[in-house]
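See structure below.
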Amino acid sequence: MALLFDGAEWDFQTLDAIHRACEEIAVGEFGLQVYPNQIEVITSEQMLDAYSSNGLPLMYSHWSFGKRFARDEVLYRQGYQGLAYEIVINASPCISYIMEENTATLQALVIAHACFGHNHFFRNNYLFRQWTDAEAILGYLAFAKAYVAECEERQGRAAVERILDAAHALRPQGIHRYPKRRWRLAEETERARARREHEETSYDPLMRTVPNFRTGQEPPEAREQMETAVRARLRLPEENLLYFCEKHSPRLAGWERELIRIVRVLAQYFYPQAQTKVANEGCATYCHYEIMTRLHESGRINDGALLEFLHSHSSVILQPDLSDQRFSGWNPYALGFAIMRDLARVAREPDEEDRAWFPSFAGNGDPWGVLRDVWANYRDEGLIRQFLGPKVMRAFRMVHLADRSADPDYRINDIHDEDGYRRIASLLADQYEPANLAPLIEAADVDLFGSRTLKLVHDSHRGARLEGELAKKTLQHMQVLWGYRVCLQERDAETGRVLTEYASA
Amino acid sequence: MVIVDRRANPQGKSLANRERFLERVRGDVKRAVADTIARRRVADVDVEEEVRVRVDGTEEPSFATTAEGEHDYVLPGPGTLNRGDRIRKPQGGDGRGNGRKAGRGSGEDPFEFTLTRDEFLNYFLDELELPRLARTSLMQERMSKPQRAGISIYGYPSALDVRRTMRNSLARRIALRRPDKSALERLEDRIAAARAAGDEEELAQAEAALAAARRRMARIPYVDPIDVRYARHERRPQPATEAAMFCLMDVSGSMTEHMKDLAKRFFMLLHLFLGRRYERVHVVFIRHTERAAEVDEETFFRSRETGGTLVSSALDVMLEVQQARFPRDRFNLYVAQASDGDNDSADRARVAHLMQGQILPIVRYFAYVETGADRGAFPHHAGRRTSELWDTYESLADEHEHLAMRRLNDGAAVWGVLADLFAKSNRVPA
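As they're listed, the protein sequences go chains V and B. Each number in my numbering corresponds to the 1-based position in the first sequence with 27 added. Each number in my numbering corresponds to the 1-based position in the second sequence with 1 added.
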């Protein structure tokens, strides 16, 4: 078969040909299911732009994005930081940004990686299906941008920034961790309008009726009854603080609630990505590796291109070990790729050990079927718990490092051997537990009949403590949203003993 | 599959965010701008050079945990570790940082970014509180004006040169023998005549001729793209000669650093202004105590002399330099003088004489700023609290409207002394 390209040069026909060749392999041979692709060629400056707004093509205006841009730009100009080869957006059609300065080989790599690997994952993984609405995200972003701009015009930039700053600070606590219902982003615009209308025609008596009880003339039973009723409406405890403020904050205006909602919707949109880094990158990396190999086998790319690809590929999956200067935690590309490759091998040519570990699919001869199932139904935590095999643990020479604040040393408690495999897999899976992504802080109680102070609670598990300075500053932001004083209790999760109390000023 | 080329999209999508960010770190930016002004030479105010801003205070806090407590990590090992091995924790900070978690959320590293030329100028002019209009005229590149420059085969419809286009069209139609309306009419008459005469042969011939003429007419257009001509315009820089700018400053001991800094901003602003109007601006620095000398910029701003004050000495040197190097028929002359207002009272008559007789007639603008902060802000109400030099100039200012004078206490007042100049700036310098 003819070469797709020769040398580094490419044009739009080349991209088209590469895309078609990859599609034949990915969809035809590997059975991937993808959204239609849209490839956008951009400059490095545009790539920096996209970086600063979390990789989204449209974003509302906020100074923090400008700051990110200014910082990334300097790092990039001075050569401390390269740019990603691509950015891919979970939307339908699936948009992949590729940079103009990439060589033809890199473009092929990017197309195989993003347009097929990530795209397949976005379309099939249960978390994305549950939480994100690929058809509507671009429309929603346009709405959010316009809405924020309109608020700035009506209310002034400072007032809008005050709310956005506060909501950004609480973004990690603005997520529903368990599905309630799927977002329908297309309805959001309509809902924002309805909120304004509703507000103009009615008011929420929740907090306003309360002061009547201050007179103390009511019978205590009535008061208690009222309190129970209000509490029931607040549905405490609530771990999604942004949701809680949006719904129940006594002081916010409608547009302020809507701004909180925008921040919340976007935080939720990114939530699946945070839980599936290893699985998602593993899927994309394995796909590009297999597709590029097939392209070379079938004579569509030459040896030079293959070597260039392998050079990029091996630097992408580089995993320095913990004694290495460059070590900075796990590289999700490396870990994901190793697991996927191991699973495919187990399906194709298992040995005794594999049969014992993975009896359900070892040797079933259908590696792509196994992988497609893994990609559709697991997030990182489940993937590692169930599919991290002993060979991968040995390849990375995994160790279990125990860090106790009383102990001046780290201790090695387990290593990659017969006794250690199970514990290592399970502990590594715990590391990817979504609860560990951000401290879990709940709204526990509101002083309904007094100062209206909101009480937050952080349960300290195994001695993990909040950073005090940051906690105070963040509480200050929480107060902006709640409208009254906010205090935070840090409790020992086992004994319930109160460890620290912070309060907003 | 769709491929979209986004490279041509408008750049600077994040400008709105950048503006908001700059607003947020205004304090840091101002400091950087002030440093840069102190470092830059007067003539270099608006060069394309990076202005680095160091940012310390834009925290985006959120809840984060410390390294305290019990943590278990599974990590890639070097292959030499065994159960029960111990690794020393990195010692840093209060000893509880474990390297991996330190820095996560806990404050932020300060970082540097750079300002563009326009952003820098904006901040510079901000401090001087320049009116919007004056600012736009300063921010734009050198003045230019569209001028007719021949004809072109490309252009905007509005620039279509109808006469020339039609001339080409006519020449082409004649050359290609395109039948015109009257020719068709003649043929039609011929047909009608032949039909009336019943001459079959003539009728057939005439009809064939008419059909041929119609075809020819359709094939050769009335106006062809090759006929079309447009008037071409070019942006030509305004005819501008050179300007010479004399910076005069009293450097006797009574001038403080603050006064000098104000003076520097004043000189810079004038230079910026002149730089927009003239192709080249020569800057001459003359400092004086009781003696005056032409010096380089470094010495001008840095050095300090002791001695009395004779303003006339500076004016003498200025005139010398002017006569030697900047003849008034080739240069537009501007003088900017900064002083604390002290002068020997015996010198008064000589200063007035020099100004009136020799300097004011030849300069386009003479701007004087007095940086003595402690005199009353309202000289007329404060009795005899004005300075010697101020009095001298004030007597001249009534007759000469291109002599401007102001007292300066802070940057915002610098603008005032140049205000008249800016007001006139819409007129093109002759």
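Every residue, glycine too, gets a C-beta built ideally from N, C-alpha and C. Note that the coordinates shown come from a computational prediction; the quantities given were computed from them, not determined experimentally.
When DSSP reads this structure, cysteine 121(V) sits in a beta bridge with Asn64(V). In the three-state reduction of the DSSP assignment, methionine 269(B) falls in the helix class. For histidine 72(B), the uninterrupted beta strand (DSSP E) segment begins and ends at 71 to 77. Ranking Ala176(V), Glu162(V) and Leu83(V) by CA distance to the CA of arginine 21(B) puts Ala176(V) first. Across the set Arg196(B), Arg164(B), Ala44(B) and Arg27(B), the C-alpha of Arg27(B) shows the shortest separation from the C-alpha of aspartate 127(B). Chain-ordered, the chain B residues with CB closer than 7 Å to the CB of glutamate 67(V) read Val5 and Arg7. For lysine 304(V), the closest Cβ of chain B is not nearer than 8 Å. With its beta carbon at least 8 Å from every one in chain B, methionine 367(V) lies outside the interface.
Only residues of its own chain outside the window of five on either side were considered, and among them Val305 have a CB closer than 6 Å to the CB of leucine 362(V), listed in chain order. In the three-state reduction of the DSSP assignment, tyrosine 394(B) falls in the helix class. Leucine 467(V) and cysteine 142(V) have their C-alpha atoms some 35 Å from each other. Contact between the stretch 128 to 136 of chain V and the stretch 317 to 328 of chain V is present: three or more C-beta pairs spanning the two stretches fall below 8 Å. Considering only beta carbons, the part of the stretch 411 to 435 of chain V lying closer than 7 Å to chain B consists of Phe423, Arg424, Met425, Val426, His427, Leu428, Ala429, Asp430, Arg431, Ser432 and Pro435, in chain order. For aspartate 73(B), the nearest beta carbon of chain V is closer than 8 Å to its own beta carbon. For arginine 55(B), the uninterrupted beta strand (DSSP E) run begins and ends at 52 to 56, by DSSP.
Neighbourhood of glutamate 127(V) in chain B, by CB distance below 8 Å: Arg8, in chain order.
Considered as a whole, the stretch 161 to 191 of chain V harbours 164 to 182 as its complete alpha helix (DSSP H) runs of no fewer than 4 residues, in chain order. Contact annotation: in the stretch 310 to 339 of chain B, no residue has its CB less than 7 Å from a CB in chain V. Chain-ordered, the chain V residues with CB closer than 8 Å to the CB of phenylalanine 114(B) read Ala97, Arg98, Glu100 and Val101.
For histidine 289(B), the enclosing beta strand (DSSP E) starts and ends at 282 to 289. Note on geometry: alpha-carbon atoms of tyrosine 112(V) and tyrosine 316(V) lie some 15 Å from one another. Taking all protein chains in view, the Cβ of glutamine 295(V) is crowded by 16 or more other Cβ atoms within 10 Å, so the residue is classified as buried. In this structure, DSSP gives glutamine 105(V) a state outside helix and strand, which the three-state scheme calls coil. In this chain, the beta strand (DSSP E) harbouring valine 426(V) covers 425 to 431. Threonine 527(V) has a beta carbon lying at 8 Å or more from every beta carbon in chain B. DSSP, reduced to helix, strand and coil, places alanine 280(V) outside both helices and strands of the structure shown, so it counts as coil.
With distances taken between CA atoms, tyrosine 153(V) lies nearest to Tyr405(V) out of Val484(V), Tyr405(V) and Ala422(V).
Taken in chain order, the complete alpha helix (DSSP H) segments of 4 or more residues contained in the stretch 135 to 204 of chain B are 163 to 176 and 182 to 198.
Residue environment analysis places asparagine 10(B) among the exposed positions, since fewer than 16 neighbouring C-beta atoms fall within 10 angstroms of its C-beta. The secondary-structure analysis by DSSP pairs aspartate 225(B) with nothing; it has no beta-bridge partner.
Taking a Cβ-Cβ threshold of 9 Å, the residues of chain V close to glycine 70(B) are Asp430, Arg431, Ser432, Ser487, His488, Arg489, Gly490, Ala491 and Arg492, in chain order.
For leucine 526(V), the closest alpha carbon among the candidates Leu322(V), Leu497(V), Ala491(V) and Glu496(V) is that of Ala491(V). Residues of the stretch 79 to 93 of chain B whose Cβ lies closer than 7 Å to any Cβ of chain V, in chain order: Pro79, Gly80, Leu82, Asn83, Arg84, Gly85, Asp86, Arg87, Ile88, Arg89 and Lys90. Among the residues of the stretch 466 to 483 of chain V, those with a Cβ less than 8 Å away from any Cβ of chain B are Pro466 and Ile468, in the order of the chain. When 7 Å is used as the limit between beta carbons, phenylalanine 121(B) is near no residue of chain V, the shortest such separation being about 14 Å.
With fewer than 16 other Cβ atoms from the protein chains shown falling within 10 Å of its own Cβ, asparagine 83(B) counts as exposed.
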